[in-house]
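Here the numbering used here is used: the first residue of the sequence shown is 1220, the next is one more, and so on. From the three backbone atoms N, C-alpha and C, an ideal C-beta is built for every residue, glycine too.
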Amino acid sequence: MTAHIYREYDIRGVADRDLTDPVVESIGRGLANMIPGKDGQPPTIVVSKDCRSSGPRIFDALTSGLRRGGANVVDIGVGPTPQMYFGVHHLDADGGVMITGSHNPKDENGLKINIGKASFFGDQIQELARRIESGELQDAPATGVLSARDVSSDYLAALTSGIDITDESLSVVIDGGNGSAGPLGQAALRRVGLSPVPLFCDMDGEFPNHHPDPSDEESLDALKEAIKTHGARVGLAWDGDGDRLGVVDATGVVVWGDRLLALFARNALPSNPKGKVIGDVKCSQGLFEDIEKHGGIAIMGRTGHSLVKSLMKKEKAILAGEMSGHFFFADRYFGFDDGIYAALRIVEIVANTGKTVVELLADMPEPFSTPELRVDCADDVKFDVVKRVREHYERANATVIDIDGVRVTYADGSWGLVRASNTSPKLVLRFEAPTPERMKELRAEMEAVIVEAKKAG
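Below, the structure written as structure tokens:
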């Protein structure tokens, strides 16, 4: 059994090595056993896939397992992950599965799962793994039914409902990264009256132009060049499955997720006074201060789309976001992470103010900080390494926030973070400080601690 594929908030692995037909079919059977239907009836489960080449094979194995377990399957076709989330809401389904490798390399794939309208994650995923390993899977007396439903028109209508663009001459460049958000993202922007310049908006699971990860600045090079060529006021980029958004300003500056969340909060808080806004542990301290300054209640949470959505529901938050570009709008939307909807909210703000994103955030202090830094670390040791780093700083009597990894904070407002990625064999680091020298000092110190922690294993 490939135990490492069962992550904190989804299932991921190398498609042809880890997600074999028997493994995926067992996952389908297990999900059919664990996701309840309404009024004692078999569950109805929405299934979609992104454009990766391994998607059709995995779809066949997954839906075979779901149906063996008695679930009725509604195939909504190829598209972005948020369309699957929408499909669950729109069809009032009992659950959903998205077959996607997200921003991971093209040979990888995975499953993002809903139980009802909530994420299936954490202990639920581990229970699924336990049932599969112990052979506790049951076939239903009657095989479930497979049907198809196109929800794209309804999804586009929901995306654009309430989006009011006063300046339809706004110049926008969009980069679909050849992922599954390009066609629908382009259609949504056109539907609200804009004429975006498209880059790589045709779906191609080989990702021939660049890796579809807008948190990696190198993947934004073509977008930056196109903004310059066309004199655009904003550039937008989606990851492979469309649940994350990257933004490049008219000046070619990348506006990272925490500053975008500040802009979204400023826009949403006037109609939601004292609204709660969640930022993940990788976000700048300045974000949390800006939320409070503009009348909101700032909450720091763990990284991970399932964890964020769960915390949003618990706190009744109006908005949430992650440094990586996941944005969750309960204000005027469903509360799930949707990169296309976040793009619409950006263009609405930029068009209606007549300013660029950087101009809108000019009054928000911008300390020296790194983007997300990724360091290779094997899946079977990465959490132990983080634990040893935490113990080092605790012995040093440092101020440690340990809700997700280790965030060490200092009196001068600087901080350093290391956490284990839940989606790949890596550690994720980030540093922020009042001066570049202080930032480099913090980074060198924590990286040295990490090296020693790796050796100790």
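Practice task
May I have the straight-line CA-CA distance separating W1475 from G1465, to the nearest angstrom?
Solution key: Between W1475 and G1465, the C-alpha separation is close to 7 Å.
Handout entry: Alpha carbon of T1379 to alpha carbon of S1372, nearest angstrom
Key = Each residue's Cα considered, the two are about 11 Å apart.
Exercise for the section: Report yes if the C-beta distance between P1586 and E1651 is below 7 Å; otherwise report no. Expected result: Yes; because the gap between Cβ atoms is below 7 Å, this pair is in contact.
Handout entry: Local conformation of N1491 per DSSP, three classes
Key = For N1491, the secondary structure class from DSSP, reduced to helix, strand or coil, is coil.
Practice task
Quick one: grab the DSSP three-state call for S1525.
Solution key: S1525: helix per DSSP, three-state reduction.
Practice task
Specify whether the segment 1485–1497 and the segment 1532–1541 touch according to this definition: at least 3 beta carbon pairs, one from each stretch, less than 8 Å apart.
Solution key: With contact defined as three or more Cβ pairs closer than 8 Å, the segment 1485–1497 and the segment 1532–1541 are in contact.
Practice task
Counting only the same chain and skipping the five closest in sequence on each side, list residues whose C-beta sits under 6 Å from that of R1368.
Solution key: Within the same chain, and ignoring the five residues on either side of R1368 in sequence, the residues whose Cβ sits closer than 6 Å to its Cβ are V1293 and I1295.
Handout entry: For G1573, the three-state DSSP class (helix, strand or coil)
Key = In the three-state reduction of the DSSP assignment, G1573 falls in the coil class.
Problem - Start and end residues, beta strand (DSSP E) containing F1547 - result: First-last of the beta strand (DSSP E) with F1547: F1546 to F1548.
Problem - 6 Å CB neighbourhood of L1592 in its chain, flanking five on each side removed - result: Apart from sequence neighbours up to five positions away, the residues of its chain that approach L1592 with a beta-carbon distance below 6 Å are L1648, ordered along the chain.
Handout entry: Burial state of K1325, where buried means 16 or more other Cβ atoms lie within 10 Å
Key = When all chains shown are included, K1325 counts as buried.
Exercise for the section: Report the three-state DSSP secondary structure of Y1612 (helix, strand or coil). Expected result: DSSP, read as helix, strand or coil, puts Y1612 in helix.
Problem - Unbroken alpha helix (DSSP H) run spanning V1242, endpoints - result: Residues D1240 to M1253.
Exercise for the section: Label H1429 either buried or exposed according to how many other C-beta atoms from any shown protein chain fall within 10 Å of its C-beta, with 16 as the threshold for buried. Expected result: H1429 is classed as buried because its beta carbon has at least 16 other beta carbons within 10 Å across all chains shown.
Handout entry: Beta-carbon contacts of D1623 that lie in its chain and below 6 Å, excluding the five residues immediately before and after
Key = Close CB contacts of D1623 within its chain, under the 6 Å cut and outside five residues either way in sequence, are with V1500, R1521, T1522 and R1638 (chain order).
Practice task
Using the Cα positions of V1453 and K1447, report the straight-line distance between them to the nearest angstrom.
Solution key: When rounded, the distance between both Cα atoms is 10 Å.
Practice task
Mind checking which residues open and close the alpha helix (DSSP H) that includes V1670?
Solution key: Its alpha helix (DSSP H) spans residues P1655 to A1675.
Exercise for the section: Take the Cβ of G1354 as the centre, count every other Cβ of all protein chains shown within 10 Å, and call the residue buried at 16 or more, exposed below. Expected result: By the Cβ neighbour-count rule, G1354 is exposed, with fewer than 16 other Cβ atoms within 10 Å of its own.
Handout entry: Nearest-angstrom Cα separation, counted from F1602 out to C1596
Key = Rounded to the nearest whole angstrom, the CA to CA distance from C1596 to F1602 is 9 Å.
Problem - Pairwise C-alpha distance: L1403 and A1561 - result: Rounded to whole angstroms, A1561 to L1403 spans 13 Å at the Cα level.
Problem - Candidates L1439, M1665, N1491 and I1246: closest to D1358 by CA position - result: Answer by Cα proximity: I1246.
Practice task
Measure the C-alpha to C-alpha separation of Y1225 and L1347 and round it to an integer number of angstroms.
Solution key: Here the alpha carbons of L1347 and Y1225 stand approximately 9 Å from one another.
Practice task
Grab me the residues of S1588's own chain with a C-beta within less than 6 Å of its C-beta, minus the 5 sequence neighbours each way, in chain order.
Solution key: These residues qualify, in order along the chain: E1651.
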